[in-house]
Amino acid sequence: MELTLAIAIGCLTGSGVWLLLRPRTYQVVIGLSLLSYAVNLFIFSMGRLRVGAAPVLEGSGAVNPADYADPIPQALVLTAIVIGFATTALFLVVLLAARGLTGSDHVDGREP
Amino acid sequence: MPDNSLLTLLIVLPFLGSLVTVMLASTSRNLAGGIAGAVALACHLLAWLLYVPVRDNQVVHAVYEWVPSLGLTVSLRLDGFAWLFALLVSGIGVLVVLYARYYMSAEDPVPRFFSFFQAFMGAMLGIVVSGNLILLVVFWELTSITSFLLIGYWHHNQAARDGARMSLTVTAIGGLGLLAGVMVIGHIVGSYDLDRVLASGDLIRAHPLYVPALLLVLLGALTKSAQFPFHFWLPNAMAAPTPVSAYLHSATMVKAGVFLMARLWPVLSGTPEWFMIVGLAGMASLVFGAYVAMFQQDLKGLLAYSTISHLGLITLLLSLGSPLALVAAIFHMMNHATFKASLFMAAGIIDHETGTRDLRKLSGLFRFMPITGTLVMVASAAMAGVPLLNGFLSKEMFFAEAVETHADSWLDTVAPYAAVLASALAVTYSMRLIHSIFLGKPPESFPREPHEPPFFMRLPVTLLVFACLVVGIVPGLTIGPYLHIAVTSVLGAATPEYSLAVWHGFTVPLIMSLVALVGGALLYLVIGDYLERAEGVFLLRRFQAQRIFEQVMVTVSWRWARFIETNLGTRRLQPQLRLLVFVAFAAALLSLFGSDIGLAPVQLAGTDWVFTGMWAVGVTCAIAAAHQAKFHRLAALALLGGTGLVTCMTFVWLSAPDLAVTQLVVEIVTTILILLGLRWLPKRSQALSEPLGPMARLRRLRDLTMAVAAGLGMTVIAYAVMTRPAPDTIADFFLEKAYSEGGGRNVVNVILVDFRGFDTLGEITVLGIVALTVFALLRRFRPAPDSVERPEQQRIQGAYDEAQPDRQAGATAADYLFVPSVIMQWMFPVIIMFSAYLFLRGHDSPGGGFAAGVAMAAGFILQYMAAGTIWVEDRLRILPVTWIGGGLLLALSTGIGAWVFGKPFLTSHAQYVDLPLIGKVPLATAALFDLGVLTLVVGATVLMLIALAHQSVRRLRASRIEEQQ
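Going down the list, the protein sequences come from chains S and B.
Residue numbering for the first sequence follows our numbering, beginning at 679 and increasing consecutively.
Residue numbering for the second sequence follows our numbering, beginning at 1126 and increasing consecutively.
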């Protein structure tokens, strides 16, 4: 499972980086989204992979931390997802505004 | 009041006054001046109140913690030397404020001037009474900044801007040097505390780092004191209003440098390095300043170069390393302050009355302004070192020290000659000043008829000149005791015997004085006429440190900047991103070198094939999206969604239900968002595009290589981390305390709203800011001309309506996807309820404010999609900006609420409440915080989506306006 996820992270990163280096703004937006999936998964995987051990406590007695997945990367990624949405929106709007102003959807605002 | 409170007040008052003054209306001239005057006077009185402990050789301390772990304290320390300076700074401050009240024109924004002035005075007082070297540097830089503001006060004037920038550049660079030097000293001593540093002189001088520390500290001191070769900023700083010049040149700014050298004199002086560097700089400034001053045609320019010369005298005295020379140095600091302040103020009066400061144009003013004329003559005589005036006394002490042998060096041998030469030149330029302004034939034409200034404008000059006279005649009775306090506080037991008497008999210094006086006078008789006509400085026309400085500045700030801009600038994004990716990759690779990454052997045995199959789909989607994003945007978006869904399922699979829920709802709104944007992008067709040239293919190959390398790197790192055992982290703490202290079972949510609530507060603030930015950007949105037309589908629908006689225009569009849109409308309450459910269960089960917020926003945007913007807004009033503000306020006030109970910001309280019928319900203040998060997320998301959705309405409006025209 670790190998699968590692390869998946690599493929998402590769696709994202490829798009990031393309000349059209829309490609860059999609690339950033792919890259943010990869990064979120990567940060999440720093807590190691666990199946069936969601960090939601049972009962109210003493807690054995070994029974649960690491909650910290999850908390980090949760806000990252929402902030990622916000930045995607921002990029999208910047690209639309640039396209409206310059008439071009090239990242430099003019055709090469 | 205890002494330490008085001392604190001395520093706090000017800054407080500055804050109050800056808020006044720009016309409240008298009030601003009144506040500044009162503050300066209060500081002066505070200094007098502190006289008693200082007289008894006590050191007054006031210490406040700042960053104790780094050895930083706000430590104020007042000994005799600091006290004398505080007295001088605040005393001349009072006089300058009084003078400025009359000098500044009613058209100028006077409160700003007085605000800067007070801040500057506070910073200067701060340097004087700092008991911690780092604190001293902070105040030091503050004087650089505030003097920049003061010099550039008339910012409409090019010369003022240039002068201000130059002084800031030079003194701030010096300040950075000083900071570094102070840190080296702190490293040697092990403390920044001034008392400890002063007690460690031997240790510092013997340390191998002594020379670097000395060089760095001197860089700060010499730039501040405008000593050669850093002198050039001072003459340019006279573009400042004259009260500022009077203050900068006399008691403050340039005095800060010599103050520091005297302050650290017991620690740093007495070595050959100190003697050579400080002595050379001092002697060069002494002679050079006096020489150049003679040739100045601008009255303030003459005074500025004279300041350089006199500061050089003080520096030279400090370099000698003898206690008597230190006495003379401190004495001359005081004397120079009095006569130079008065002369600058008088220069301002002359400028004010005649409209010019040009020595060639001024002449015969004595008959118009006899009182001012007399005052200037006395002050100039003090500057020239005429007997019975204060300048004479310190100059005599200087001569006595110059004659003494302190070190076996050519510099020491030259010192007496240089001293006499510079003094003779000082006599010459002082005579020139008096002669060309006040004597001679009356002027033929002035811009306006000159007359005596108002009494109160002249009063500061009168008082200062009076001080010059009194100190010059009876030094022992006036300045004597105070000087003694200052000297003993620096020298301690090494205080020498000295006498301040006017008459010491026929001694060598007296003869030197006479030679200088007669020689200077003769020189003026010979070359006076030439000086009046001189263009530039004889023999030194080609030499201008200022020009060198400007060349350096042009090289650094223009040539190099342009080089960097063309090579790394933002004009072209792709090379930049390429560089970014490359640097990130190289940095990751570099850190792998020399460390064992320890990849676990790849095992296929434990592979979950369902999971792998799922990711086979996910990865295919991602790569296909990358492939399609140029020509098939919609397809790329759908494929992106596919990858997102697989990511979401991965979260479910790997025990992260919260992430899964959030990812799912965010996936939905992201897709809607990009769908809304697609409409405004240009059409691009694969069939119409040109085939790729060889260069383009090469570029693609390079990018592909980079992408593959980056992907491989991430795979390796991710795999390496995932397969090694987890280290101990703070996760255990959160898991153990989540229920017992946070009152929630969903640990992720408890972390977000309780343990790390402050982070979350920051994050939702960012979210709100981004939403407002999106909103603001879209308000000014103008679509490109080729996107204004209706989309193709709507045109077909419109054409169909027109073709059918029984159909109304727009009817087909309204009926489009009728069943789904009705369902979407019905879904609204369901989604709201779902969102409320997500929120309420959040603390104990997967859910929470973020997910609930995005889900609720999705509910709103569905209505827009189902029925159109106009229909929704006719029925539903949505105020997303208010929601953003409300959410932020709620989250903040929950945090602040903890203060009421005496707990730190954002402390949460959890309790179970027994409600009738329902039973025990968990109730934590964190839930209120989470409600704030929810509200803000709803507001931000809805704002972004609606702002984008609105563009189609605006397009309609725009096209309608076009039609009407």
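Glycine is no exception: its CB is placed at the ideal position from the N, C-alpha and C atoms.
- Rounded to the nearest whole angstrom, the C-alpha separation of B:Arg-1804 and B:Pro-1916 is 8 Å.
- A contact is defined here as three or more CB-CB pairs under 8 Å, and the stretch 1263–1280 of chain B meets this definition with respect to the stretch 1359–1376 of chain B.
- DSSP lists B:Asp-1318 as the beta-bridge partner residues of B:Asn-1257.
- Comparing C-alpha distances from S:Ala-775 to each of B:Pro-1807, B:Ile-1956, B:Arg-1237 shows the shortest one belongs to B:Pro-1807.
- DSSP, read as helix, strand or coil, puts B:Glu-1815 in coil.
- At a beta-carbon threshold of 7 Å, none of the residues of chain S lie near B:Ile-1956; the nearest stands roughly 18 Å away.
- In the structure shown, S:Thr-765 adopts helical secondary structure according to DSSP, grouped into three states.
- In the structure shown, B:Trp-1191 adopts extended strand secondary structure according to DSSP, grouped into three states.
- Look at B:Asn-1182 here: in three-state DSSP terms it is coil, with no helix or strand label.
- Contact check for B:Glu-1478 and B:Met-1494: beta-carbon distance about 7 Å, within the 8 Å limit, so the pair qualifies.
- The continuous stretches of beta strand (DSSP E) do not include S:Ser-714, which lies in the alpha helix (DSSP H) extending over residues 703–723.
- The beta carbon of B:Phe-1883 is closer than 6 Å to those of Leu-2031 in its chain, skipping five residues each way along the sequence.
- B:Val-1501 counts as buried, since no fewer than 16 other beta carbons sit within 10 angstroms of its beta carbon.
- DSSP, reduced to helix, strand and coil, places B:Val-1235 within a helical segment of the structure shown.
- Shown here, B:His-1457 sits in a helix according to DSSP, grouped into three states.
- Scanning the stretch 1456–1541 of chain B for uninterrupted alpha helix (DSSP H) segments of 4 residues or longer gives 1495–1509, 1515–1528, listed from N- to C-terminal end.
- Annotation for B:Phe-1975: Thr-1787, Val-2058, Val-2062 place their beta carbon closer than 7 Å to its own, counting only its chain and skipping 5 residues before and after.
- Of the candidates B:Leu-1319, B:Ser-1370, B:Phe-2026, B:Leu-2017, B:Leu-1319 places its Cα closest to the Cα of B:Trp-1390.
- With respect to the C-alpha of B:Ser-1151, the residue from B:Val-1221, B:Leu-1197, B:Ser-1230 having the closest C-alpha is B:Ser-1230.
- Here the C-alpha atom of B:Thr-2007 lies approximately 19 Å from the C-alpha atom of B:Asp-1999.
- Our two residues, B:Phe-1517 and B:Val-1511, have alpha carbons roughly 5 Å apart in a direct line.
- Scanning the stretch 1576–1601 of chain B for uninterrupted alpha helix (DSSP H) segments of 4 residues or longer gives 1580–1598, listed from N- to C-terminal end.
- Cβ atoms of B:Pro-1726 and B:Asn-1871 stay farther apart than 8 Å, at about 37 Å.
- Taking the Cβ atoms as the reference, B:Leu-1149 lies roughly 5 Å from B:Ala-1157, within the contact range of under 8 Å.
- In the three-state scheme derived from DSSP, where H, G and I count as helix and E and B as strand, B:Val-1979 is classed as helix.
- Annotated three-state conformation of B:Asn-1282 is coil, per DSSP.
- Residues of the stretch 1905–1930 of chain B that bring their beta carbon within less than 9 Å of a beta carbon in chain S comprise Arg-1905, Phe-1906, Arg-1907, Pro-1908, Ala-1909, Pro-1910, Asp-1911, Ser-1912, in sequence order.
- For B:Trp-1778, the nearest CB of chain S lies under 9 Å from its own CB, placing it at the interface with that chain.
- B:Arg-1684 carries a helical assignment under DSSP once its states are collapsed to helix, strand and coil.
- The Cβ atoms of B:Leu-1487 and B:His-1457 lie no closer than 9 Å to each other.
- For the pair B:Ser-2033 and B:Ala-1992, the CB atoms are not nearer than the 9 Å cut-off.
- Measuring C-alpha to C-alpha distances from S:Cys-689 to each of S:Arg-700, S:Pro-701, S:Phe-720, S:Tyr-704 identifies S:Phe-720 as the nearest.
- Under the 10 Å beta carbon count, B:Gly-1446 is surrounded by 16 or more other beta carbons and is classified as buried.
- According to the DSSP assignment, B:Ser-1431 belongs to the alpha helix (DSSP H) that extends over 1424–1444.
- Residues of the stretch 679–690 of chain S with a Cβ closer than 8 Å to any Cβ of chain B, in chain order: Met-679, Glu-680, Leu-681, Thr-682, Leu-683, Ala-684, Ile-685, Ala-686, Ile-687, Gly-688, Cys-689, Leu-690.
- Here the stretch 1375–1383 of chain B makes contact with the stretch 1425–1445 of chain B; the two share three or more CB pairs at distances below 8 Å.
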